[in-house]
Amino acid sequence: MRINLDGLGLTETPEHVWDTENLLELSLYNNRINTIPDRLFQHTDIEVLNYAGNEIEILPSLIGRLARLRMLDLGHNRLEQLPKEIGQLSSLDTFLYLSNNRFTNLPAELCNLKSLRYLNVTDNQLRELPAELGNLKSLIELRLYYNKLESLPESLTELSQLRELHVYGNLLTFLPQGLGHLTELRILDCNNNRINELPHSIQGMKKLRKLSLRTNRITQLPSEIGALANLIELDLRDNDILEIPESILELEHLEKLDLRWNSNLRPTSCLTTLEQRGCVVYT
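The opening residue of the sequence shown carries number 1 in full-length UniProt numbering; numbering runs sequentially from there.
What follows is the structure, given as C-alpha cells:
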C-alpha cells in the first residue's frame, strides 16, 4: 500500500494511516508535522518514507526497526542530531536526504549504511564528518554544500564508486591528499571555499568531466592537471592564479576554461592554442 498526503497542511500524521495493512510507502511531504509517532515503527515492511518539508525536531531511535527501508527523506525539517540507530537501516540503498536541517555533526553509525548510493546533507551546520565516511562503499553521489566544513576526512578517498562530490560553500582550505583515488569521479564542485592548492594525486581522476574551483585561493595548478583526460569544463574564476601550466594542453576534450577574476594571471600561448582547438576560454 502507498499513501500520499503531501501538502495538506497537516499538523500530525492521521491515525488512519497506522491502520493500513502492508504499508510500503508513506509520503507526508510539505506539511506542518512536528513529531513522528511511535506507531510508524510497527510497520516494519515500509520501504519508502518521506517526511520532508515539515517541522520535525527529533528522529526517534525506533527508526532502527525499519529494516526494509530503502529511501528516507527528512530534508527541510528542524533536526539537530541523528540517533545512532540510523546505522541499523541495512536496506537503505537508494537515498538518504537530510538537507536543510540543523546538524552540526553526524553519528559514526551512519557510515554502516554500506548499500547507500545517494547522500545529501546540504544546508546544515556541519563542522566535521565521521572518520568512518569511507565505509559507505556504494556511494555514488555525495552532496555536502553549504555547511561549515573545514576539512574532509582522508577516508573519503576510499569511496571507490563515487561519481559526484559537491562540497561548495564550506570553509575548506585543502582537499584530501588521496583525492586521486576517486577514479570513478565525474563531477567535483569545490566552489566558494578557501582552498589554496590541489593535491598532485588528482592525476588519478581520469574520468573527471567537470572541475569547479571558483572563488578559492589557488595560486597555481599542479602539472598533473594535464592527466585529467576526459575533462570538459574547468572553472577557476576568482582565484589568485599566476600562471597556467603547459600540461593543460594535454586536456584534449576541454571545451570550457574560465579564468576570469584572476587579476595577476600572466599571459601564455597555451590559452591561444586551446582557443584554436575550439575550447572557449574566458580571461
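Think of the CB as a built atom: it goes at the ideal place given N, C-alpha and C, for glycine as much as any other residue.
*Which residues mark the beginning and the end of the beta strand (DSSP E) in which Ser-160 is found?*
By 1-based counting over the sequence shown, the position of residue 160 is 160. Careful: Ser-160 lies outside any beta strand (DSSP E) and carries neither H nor E.
_Residue from Gly-204, Leu-8, Gly-75, Phe-174 whose Cα sits closest to the Cα of Asn-192_ = Here the question's residue 192 lines up with position 192 in the sequence shown. With distances taken between Cα atoms, Asn-192 lies closest to Phe-174.
*Under 8 Å between the Cβ atoms of Phe-41 and Arg-65?*
By 1-based counting over the sequence shown, the position of residue 41 is 41. By 1-based counting over the sequence shown, the position of residue 65 is 65. Yes, Cβ-Cβ distance for Phe-41 and Arg-65 is below 8 Å.
_Neighbourhood of Asn-196 by C-beta distance below 8 Å, restricted to the same chain and skipping five residues each side_ = Residue 196 sits at position 196 when you count from the first residue of the sequence shown. Correct list, in chain order: Thr-173, Phe-174, Asn-216, Arg-217, Ile-218, Thr-219.
_Residues that Glu-233 bridges to, as DSSP identifies them_ = Taking the first residue of the sequence shown as position 1, residue 233 is located at position 233. Per DSSP, Lys-210, Lys-256.
*Counting only the same chain and skipping the five closest in sequence on each side, list residues whose C-beta sits under 7 Å from that of Thr-273.*
To locate residue 273, count along the sequence shown from 1; it is residue 273. Contacts found: Leu-249.
*Could you pull the start and end residues of the alpha helix (DSSP H) that Glu-25 belongs to?*
As a position in the sequence shown, residue 25 is number 25, starting the count at 1. Where Glu-25 is concerned, there is no enclosing alpha helix (DSSP H), although the beta strand (DSSP E) it sits in stretches over 25 to 27.
*What are the boundary residues of the alpha helix (DSSP H) that includes Arg-277?*
Within the sequence shown, residue 277 is the residue found at index 277, counting from 1. That run of the alpha helix (DSSP H) goes 269 to 277.
*Delimiting residues of the beta strand (DSSP E) encompassing Glu-243*: As a first step, residue 243 must be located in the sequence shown, where it is residue number 243. Looking at the DSSP string, Glu-243 is not in any beta strand (DSSP E), and its letter there is neither H nor E.
*asked:* Restricting to Cα atoms, I'd like to know which of Ser-160, Ile-187, Cys-190 is closest to Gly-178.
replied: Start at 1 with the first residue of the sequence shown, and residue 178 comes out as number 178. Checked all of Ser-160, Ile-187, Cys-190; the closest Cα to Gly-178 is Ser-160.
*asked:* For Ile-86 and Glu-246, I'd like the C-alpha separation in whole angstroms.
replied: Within the sequence shown, the letter at position 86 stands for residue 86. Within the sequence shown, the letter at position 246 stands for residue 246. Approximately 49 Å between the Cα atoms of the pair.
*Between Leu-211 and Ile-56, what straight-line distance do the alpha-carbon atoms span, to the nearest angstrom?*
For the purposes of this step, residue 211 is taken as residue 211 along the sequence shown, with counting starting at 1. For the purposes of this step, residue 56 is taken as residue 56 along the sequence shown, with counting starting at 1. Distance between the alpha carbons of Leu-211 and Ile-56 is about 36 Å.
*Out of Pro-37, Asp-19, Tyr-51, Leu-228, which has the shortest C-alpha to C-alpha gap to Gly-9?*
Indexing the sequence shown from 1 puts residue 9 at position 9. It is Tyr-51 whose Cα lies nearest to the Cα of Gly-9.
_Once DSSP output is grouped into helix, strand and coil, what is the label at Gln-220?_
Mapped onto the sequence shown, residue 220 falls at position 220. Gln-220 falls in the strand class under three-state DSSP.
*Within 8 Å, strictly: CB atoms of Lys-148 and Leu-126*: As a working mapping, residue 148 is identified with position 148 in the sequence shown. As a working mapping, residue 126 is identified with position 126 in the sequence shown. Yes, they are a contact pair.
*If you compare alpha carbons, which of Arg-214, Ile-232, Glu-233, Ile-241 is closest to Pro-222?*
For this step, residue 222 is matched to residue 222 along the sequence shown. Of the candidates Arg-214, Ile-232, Glu-233, Ile-241, the one whose C-alpha sits nearest the C-alpha of Pro-222 is Ile-241.
*asked:* Once DSSP output is grouped into helix, strand and coil, what is the label at Leu-113?
replied: Here residue 113 refers to the residue found at position 113 when the sequence shown is read from its first residue. Coil.
*So, helix, strand or coil for Arg-65, using DSSP?*
What you label residue 65 is simply residue 65 of the sequence shown in a count that begins at 1. In this structure, Arg-65 counts as helix in the three-state DSSP scheme.
_Ignoring anything shorter than 3 residues, give me the beta strand (DSSP E) runs that lie fully in the region 3 to 85, in order along the chain._
25 to 27, 48 to 50, 71 to 73
_Taking the alpha carbon of Glu-132 as the reference point, which residue from Asn-124, Asp-123, Asn-105, Ile-225 has its own alpha carbon closest?_
Along the sequence shown, read from residue 1 onward, the residue named residue 132 stands at position 132. The candidate whose alpha carbon is nearest that of Glu-132 is Asn-105.
*Boundaries (first-last residue) of the beta strand (DSSP E) holding Tyr-118*: For the purposes of this step, residue 118 is taken as the residue at position 118 of the sequence shown. Start and end: 118 to 120.
*Buried versus exposed call for Asp-238 [16 or more other C-beta atoms within 10 Å across all chains shown]*: On the sequence shown, residue 238 is found 238 positions in, with the first residue counted as 1. Asp-238 is buried by the Cβ-count criterion.
*Measure the beta-carbon distance from Lys-84 to Pro-60 and round it to whole angstroms, keeping in mind my assumption that it falls under 8 Å.*
To locate residue 84, count along the sequence shown from 1; it is residue 84. To locate residue 60, count along the sequence shown from 1; it is residue 60. Lys-84 to Pro-60, Cβ: 12 Å. No contact.
*Take the Cβ of Asp-45 as the centre, count every other Cβ of all protein chains shown within 10 Å, and call the residue buried at 16 or more, exposed below.*
If you number the sequence shown from 1, residue 45 lands on position 45. By the 10 Å Cβ count, Asp-45 comes out exposed.
*Residues in its own chain within less than 8 Å of Ser-138 by CB, not counting five upstream and five downstream?*
Looking up residue 138 in the sequence shown gives position 138. So the list reads Asp-93, Lys-114, Ser-115, Leu-116, Arg-117, Gln-161, once near-sequence residues are dropped.
*Going along the chain, which residues of its own chain have a beta-carbon closer than 6 Å to the beta-carbon of Met-71, five neighbours each way excluded?*
The count along the sequence shown starts at 1 and reaches residue 71 at position 71. Answer for Met-71: Val-48, Thr-94, Phe-95, listed in chain order.
*asked:* So, for Thr-20: in the same chain, excluding its five sequence neighbours on each side, which residues have a beta-carbon less than 7 Å away from its beta-carbon?
replied: By one-based count along the sequence shown, residue 20 stands at place 20. Met-1, Ile-3.
*Taking buried to mean at least 16 other C-beta atoms within 10 Å of its own C-beta, is Tyr-282 buried or exposed?*
Reading the sequence shown from its first residue, position 282 is the one you call residue 282. By the 10 Å Cβ count, Tyr-282 comes out exposed.
*Identify the residues that DSSP records as bridge partners of Arg-143: which are they?*
Here the question's residue 143 lines up with position 143 in the sequence shown. Answer is Asn-120, His-166.
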